[in-house]
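>
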Amino acid sequence: MKIGAFEELVLLAVGSLGENAYGVAVKELLKEKTGRTPSIGALHSALYRLEDKGCLNSSEGGATSERGGRRKKFYTLTAAGKNAIIDANRIRLQFSKNIEGLNLGLDES
Amino acid sequence: MNNRKRYQPPRYGDRILRWFCAEEVIETLQGDLHELYYKTRKEKGKLLADLQYLVDVLSAFRPFALKRRSGSINSNFTTMYRNYLKIAGRNLIKYKMYSMIKIGGFAIGIAACLMISLFVKHELSYDKHHANKDRIYRVINVMDIPSDPGKGTAFPAQIAQVLKDHFPEIEKAGRLIPYDWYYAGDNQFRPESHVRNNYEKGFAYADQELLEILEIPMIYGDLKHALTEPNSIVLSKKKADKYFPNEDPVGQTIILNEDESHPFVIGGVMEDFPANSHLQFDFFITLTDVEFWQGEQTNWCCWNYNPYILVRPDVDPLDLEEKLLLIRDDYIVAHLRKTGNQFADDAQKYNSFYLQPVKDVRLYSEGIHDIIPHGDIRIVWLFAAIATFILLLACINFVNLSTAKSANRAKEVGLRKVAGSFRGHLIQQFLTESIFFSAISVVLGALLTWILLPYFNAISGKSLVFPWSEWWVAPILAGIIVLIGIIAGIYPSFYLSAFNPIDVIKGNLSHGSKSSKLRGAMVIFQFTTSIILIVGAFIVYRQMSFILNKKLGFDKEQVVLIHGTNTLGDKLKPFKNGLLQLSEVQNTAASNYFPVSGTKRDQNEFWKEGRNKLDKGVGAQIWWVDQDYINTLGMKLSEGRLFSEEIASDSSAIIINQTMARKLGLDSPVGERIMNWRTWTVVGVVEDFHFESMKGDLIGSLGLVRGTHGSFISVKVNTQNIASALESITKVWDEFMPNQPIRYTFLDETYARMYEDVKRTGNLFTSFAVLAIFVACLGLFGLSAFMAEQRRKEISIRKVLGASFKAIFQLLTLNFLKLILVSFVIAIPIGWYMMQVWLDDFKYRTNLSWDVFVFAGIMVLIIAVLTVSFECIKAAVANPANGLRSE
């Protein structure tokens, strides 16, 4: 499973939001954690892509008045999604070991 | 509720979203957008929220959200097209033979068309690369004398200066000497530091301003000063790379023809002329301070310079032409009057000037005497027409086969209609199908072009390449696909879509026979075209062999021309003697002049002695040849004697040809005295021989005078074993000239080269004729197969009732033969007329006779019968039980 850097961040955000992971919530969490504000279009694009790749599941529900009565699409992390995160992290660690003077603050266990 | 109403985001956002967004994406996306709007609105106010909202909406314009994801809105449209293509593909595979004929014919037609288009494009692109192409003109001298009209490019030496001095409209004027003259033409060439000479062609004299007018890009040296110094020379990049690889040769010294007393200094290196330039030179020698003889530069006697001019912007060439008449009055006529020439009145009356735009030089120089190879706009159009015709033939095949096979599609049409298809849909279907076929064919055709282009180049004498990498190729090919698809598919699609479903499904369709008249007409058209092309090819070949085998008045066989013998100098005579010692050599002669166009010429004016102020002169060539020339080239004396080395007075002796004797009005020419710029005594008369292309004029006047030197030595060889003779000759040459490799050609080959364009036309005609007949036969083959299939039951019944093989074969082929006969009758007058026009170009020509047409007709007939008979025989020998069993 190949995922991009932004996709990885989206996966992490969806995972950490648990039950409550939908578009706006993910966007705000990403802003809070990374300081970056992806456009809503880019975010949706990534979410659909990740769903196609099997990293995310989705279910609909929870309309509110702020949304003009429109339903939310909640995402949950799948096992494949978790593996993707692990894979990405492993690659990062392997590389970091080869870079002298770089300490990611992690010890491989 | 109020709360929500107040924070309603602008409506246009939703509208945009709904326009591009897929149904299944829109709900959640819109929800998120609205929620974000709500938040920004609360925090930042309406304006910022609206802006942010718009940006957000537009940020969703991504593949994931686009409509095609939906598949619901236009699904019918795409599915139907997919279905049309699928059916087309299945039909292609099911009727392999018909598909092959359709596609193959198309691909061939398209390949022919593409090749010819490249050819035409190249012809039309000549001289369009000059930056000032709209302001560059060649000055043409027009003489409208009713009895002897002519156009020429040559002017006296002062012309450039006069043009610049008198006409402010002219920004620059430069002269060119493109023909064999002094150092112009070909030379033995070597850089001063080399010992060995090399033969080089493509020398011309040019003014510095000519370079500036043509804006020739320079690689080394300065365009503004390359030819300003006396004795400077400019080389092309190609030649500079050959002699001075990887260095700047400006300032180096060049020796021509071993003449060390007259060295040239390289003033610059220019970019090679592009292939589509009418000028093709490798060396420009400066005209600065050049004077070929005493007073030459100021005398208006002698016309040797071709002027090119650059006019200022917004100058009307027609106005300028009017003003140029001043040159006629003040210089040309004035000179003629001063020298008491009778011609002055004619010049005053008939002389005018024409400014030929440089981009017209290639194709619109009919009747202008220059030595530059020209194309002919008529040939360009003719080829374009032929290409169109071949493509049309291929389209006709497509139409013919599609309607012929309509029975097979009739049920499909009926069923589609019953299932609710409109006629428009069916038309769409069949057009799609024909575009599908044309797409395959165009791709194949483009590949075929690519493969065949080298052969086409060999035939047409061009060096065309397929412009794969040009940006316009793909769109043009796509355009061709659609266009041809529609042209070929429009009739079948209307025809097929018109079937009445009830009739069709009942089986009442007349099996496509309704359109048999139209099919017949199309076959006639195809074969008419083929016959005309075949007749054309025959006539061109016949004219070619007429020229090559005509009695010329000299013997061109077994004559070897050794080039570059001017460097022999004093060793010429010993060299000739050396050659004569060889048993293989019969005779040798030194001269620059040969009875083949493109060799040296010297036009003069002759009078009977003392009548130069009284009579109009006789224009005649004067050739300097040595005493052995007439014997070596096998010309015949009709009166008088040859030159002799023993007779000292022969330095003023002249041998004239019969035409010249007649024109000068000499009844017994031998002993008469005639003059040009000096007096000559006629010692002999030589029988007329052809010395120019038979395409041009009748045999002209010619005088031979005795010279001793020449750039060529012609060697008459008296053995069939040319190879061994050449070996011996080379040995002798190497003894005399160890530093100059021998270079020789054969007179008969040089002669044949004169008619290369005729040969080319012949080859092209043949190729096109073969293509046309091939495409036509493909169609005929398809039709005969169809006919045999249609009449299978009929044939079976006839056989059961006792018809013989012969009777059935006749029955089936007779129809086609009738069509061929009709096309033959149509083709005769058209072909006759076209070839008459072509032959009119030749002064010496073969006759158009009926046998060519008969031969072409019989050939086409045989080919057609062979094509048809395959299917007919198959039908005639088939077991009738098989044909009837299924009933």
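Chains as they are written, first to last, in numbering that gives the first Met the number 0: chain A, 0 to 108; chain B, 0 to 886.
Don't be surprised by glycine CBs; every beta carbon is placed ideally from N, CA and C.
Helix, strand or coil: which one does DSSP assign to B:D206?
Numbered from its first residue, the second sequence carries residue 206 of chain B at position 207. DSSP places B:D206 in coil when its eight states are reduced to three.
> Look at the Cβ atom of B:I389, then the Cβ atom of B:I107, and state whether they are nearer than 9 Å.
Position 390 of the second sequence, counted from the first residue, corresponds to residue 389 of chain B. Position 108 of the second sequence, counted from the first residue, corresponds to residue 107 of chain B. Yes. Within cutoff.
> What is the DSSP secondary structure of B:D627, reduced to helix, strand or coil?
Counting from 1 along the second sequence, the entry for residue 627 of chain B is found at position 628. It is coil, neither helix nor strand.
> From the DSSP output, in three-state form, read off A:S108 for me.
Translated into the one-based positions of the first sequence, residue 108 of chain A becomes position 109. Note that A:S108 scores 42 on pLDDT, short of 50, meaning its location in the model is unreliable and no value can be drawn from it.
> Considering B:K798, what are the terminal residues of the alpha helix (DSSP H) in which it resides?
Against the second sequence, residue 798 of chain B aligns to sequence position 799. Note, B:K798: alpha helix (DSSP H), 791 to 799.
> Could you check if B:M786 is buried or exposed, using at least 16 other CB atoms within 10 Å of its CB as the buried criterion?
Translated into positions along the second sequence, residue 786 of chain B becomes position 787. It counts as buried.
> Could you give the distance in angstroms between the alpha-carbon of B:L325 and the alpha-carbon of B:G699?
By 1-based counting over the second sequence, the position of residue 325 of chain B is 326. By 1-based counting over the second sequence, the position of residue 699 of chain B is 700. Going from the Cα of B:L325 to the Cα of B:G699 covers about 32 Å.
> Here's the rule I'm using: 16 or more other beta-carbon atoms within 10 Å means buried, otherwise exposed. How should B:P148 be labelled?
Start at 1 with the first residue of the second sequence, and residue 148 of chain B comes out as number 149. The residue in question, B:P148, is exposed, as its Cβ has fewer than 16 Cβ neighbours within 10 Å.
> For B:K171, which residues does DSSP report across the bridge?
Translated into positions along the second sequence, residue 171 of chain B becomes position 172. B:K171 pairs with B:L309.
> Residues in its own chain within less than 6 Å of B:R68 by CB, not counting five upstream and five downstream?
Within the second sequence, residue 68 of chain B is the residue found at index 69, counting from 1. For B:R68, the pLDDT reaches just 46, beneath the cut-off of 50, and the residue's location in the model is therefore unreliable, leaving the point undetermined.
> Where does B:I654 fall in DSSP's three states?
What you label residue 654 of chain B is simply residue 655 of the second sequence in a count that begins at 1. In the structure shown, B:I654 sits in a strand (DSSP, three-state: E or B).
> In its own chain, which residues sit with a C-beta less than 8 Å from the C-beta of B:L65, not counting the 5 before and 5 after it?
Here residue 65 of chain B refers to the residue found at position 66 when the second sequence is read from its first residue. Around B:L65: F19, C20, A21.
> My guess is that B:G220 and B:V268 are in contact by the Cβ rule of under 8 Å, so how many angstroms apart are they, rounded?
The count along the second sequence starts at 1 and reaches residue 220 of chain B at position 221. The count along the second sequence starts at 1 and reaches residue 268 of chain B at position 269. Indeed, because the Cβ distance is near 6 Å, the residues count as touching under 8 Å.
> Using CA atoms only, rank isn't needed, just tell me which of A:Y21, A:A87, A:L76, A:L11 is closest to A:L55.
Along the first sequence, one-based indexing puts residue 55 of chain A at 56. Out of A:Y21, A:A87, A:L76, A:L11, A:L76 has the C-alpha closest to the C-alpha of A:L55.
> So, under 8 Å CB-CB, B:L697 and B:K842 are touching, yes? Tell me the CB distance rounded to an integer number of Å.
Mapped onto the second sequence, residue 697 of chain B falls at position 698. Mapped onto the second sequence, residue 842 of chain B falls at position 843. Yes, they are in contact, since the Cβ atoms of B:L697 and B:K842 sit about 6 Å apart, within 8 Å.
> Could you tell me which residues DSSP pairs with B:S713 in its beta bridges?
As a first step, residue 713 of chain B must be located in the second sequence, where it is residue number 714. BP columns for B:S713 point to B:L560, B:A588.
> List the whole-angstrom C-beta distance separating B:S544 from B:L632, where the pair is believed to meet the contact cut-off of C-beta under 8 Å.
Within the second sequence, numbered from 1, the residue matching residue 544 of chain B stands at position 545. Within the second sequence, numbered from 1, the residue matching residue 632 of chain B stands at position 633. Going by Cβ atoms, the distance from B:S544 to B:L632 rounds to 22 Å, so no, they are not a contact pair.
> So A:A41 contacts chain B; which residues on that side make the cut at Cβ distance below 8 Å?
By one-based count along the first sequence, residue 41 of chain A stands at place 42. Within 8 Å Cβ-Cβ: S58, R61.
> Put B:L96 into one of helix, strand or coil per three-state DSSP.
Here residue 96 of chain B refers to the residue found at position 97 when the second sequence is read from its first residue. Inspection of the sequence shows that residue 96 of chain B is occupied by Met rather than by Leu. The answer is helix: DSSP assigns B:M96 an H, G or I state.
> Closer than 8 Å is the cut-off here; do at least three beta carbon pairs connect the region 749 to 766 of chain B with the region 526 to 543 of chain B?
With the cut-off at 8 Å, the region 749 to 766 of chain B and the region 526 to 543 of chain B touch.
> Give the residues of chain A in contact with B:L28, contact being defined as C-beta atoms less than 7 Å apart.
Residue 28 of chain B sits at position 29 when you count from the first residue of the second sequence. Under the 7 Å cutoff, chain A gives H43.
> Would DSSP call B:N230 helix, strand or coil?
What you label residue 230 of chain B is simply residue 231 of the second sequence in a count that begins at 1. Three-state result, B:N230: coil.
> Here's a check: name, in chain order, each residue in its chain whose Cβ is nearer than 8 Å to the Cβ of B:L495, leaving out the five neighbours to either side.
Residue 495 of chain B sits at position 496 when you count from the first residue of the second sequence. Answer for B:L495: S401, T402, S405, R408, A409, V412, L425, F429, listed in chain order.
> Tell me, please, whether the CB atom of B:A64 is closer than 9 Å to any CB atom in chain A?
Counting from 1 along the second sequence, the entry for residue 64 of chain B is found at position 65. Yes, B:A64 counts as interfacial toward chain A.
> Applying the 10 Å Cβ sphere with the 16-neighbour rule, what's the burial state of B:L35?
To locate residue 35 of chain B, count along the second sequence from 1; it is residue 36. Its Cβ being crowded by 16 or more others within 10 Å, B:L35 is buried.
> Can you tell me whether DSSP reads B:T402 as helix, strand or coil?
The residue labelled residue 402 of chain B in the question sits at position 403 within the second sequence. B:T402 falls in the helix class under three-state DSSP.
> Out of B:N591, B:V704, B:D359, which one is the CA nearest neighbour of B:S650?
Start at 1 with the first residue of the second sequence, and residue 650 of chain B comes out as number 651. Among B:N591, B:V704, B:D359, the Cα nearest to that of B:S650 is on B:V704.
> According to DSSP, which residues form a beta bridge with A:A55?
Taking the first sequence and counting its residues from 1, the one referred to as residue 55 of chain A is at position 56. According to the sequence as given, residue 55 of chain A is Leu; it is not Ala. According to DSSP, A:L55 bridges with A:L76.
> Report the neighbours of B:G34 on chain A: residues whose CB is nearer than 7 Å to its CB, in chain order.
What you label residue 34 of chain B is simply residue 35 of the second sequence in a count that begins at 1. Residue 34 of chain B is actually Glu in this sequence, not Gly. V23, E65, R66, listed in chain order.
> How big is the Cα-Cα spacing for B:L209 and B:D247?
Translated into positions along the second sequence, residue 209 of chain B becomes position 210. Translated into positions along the second sequence, residue 247 of chain B becomes position 248. One C-alpha to the other measures close to 23 Å.
> For a contact meaning CB atoms closer than 8 Å, what does B:Y11 contact in chain A?
Residue numbering aside, residue 11 of chain B sits at position 12 when the second sequence is read from its first letter. What B:Y11 touches in chain A: nothing, since even the nearest Cβ is about 15 Å away.
> For B:N245, is the classification buried or exposed, using 16 other Cβ atoms within 10 angstroms of its Cβ as the cut-off for buried?
If you number the second sequence from 1, residue 245 of chain B lands on position 246. Its Cβ having fewer than 16 others within 10 Å, B:N245 is exposed.
> Using Cβ-Cβ distances below 8 Å, what residues of the region 68 to 96 of chain A are close to chain B?
So the list reads R69, R70, K71, K72, given in the order they occur along the chain.
> Taking only beta-carbon positions, decide if B:R3 is within less than 9 Å of chain A.
Here residue 3 of chain B refers to the residue found at position 4 when the second sequence is read from its first residue. Because B:R3 sits at a pLDDT of 47, beneath the cut-off of 50, its placement in the model cannot be relied upon, and the point is left open.
> Please work out which residues of its chain come closer than 6 Å, Cβ to Cβ, to B:Y540, disregarding the five sequence neighbours upstream and downstream, and give them in chain order.
Here residue 540 of chain B corresponds to residue number 541 of the second sequence, with the count starting at 1. For B:Y540, where only same-chain residues beyond five positions count, the Cβ hits under 6 Å are G761.
> So, helix, strand or coil for B:Y353, using DSSP?
The residue you call residue 353 of chain B lines up with position 354 of the second sequence. Strand, per DSSP.
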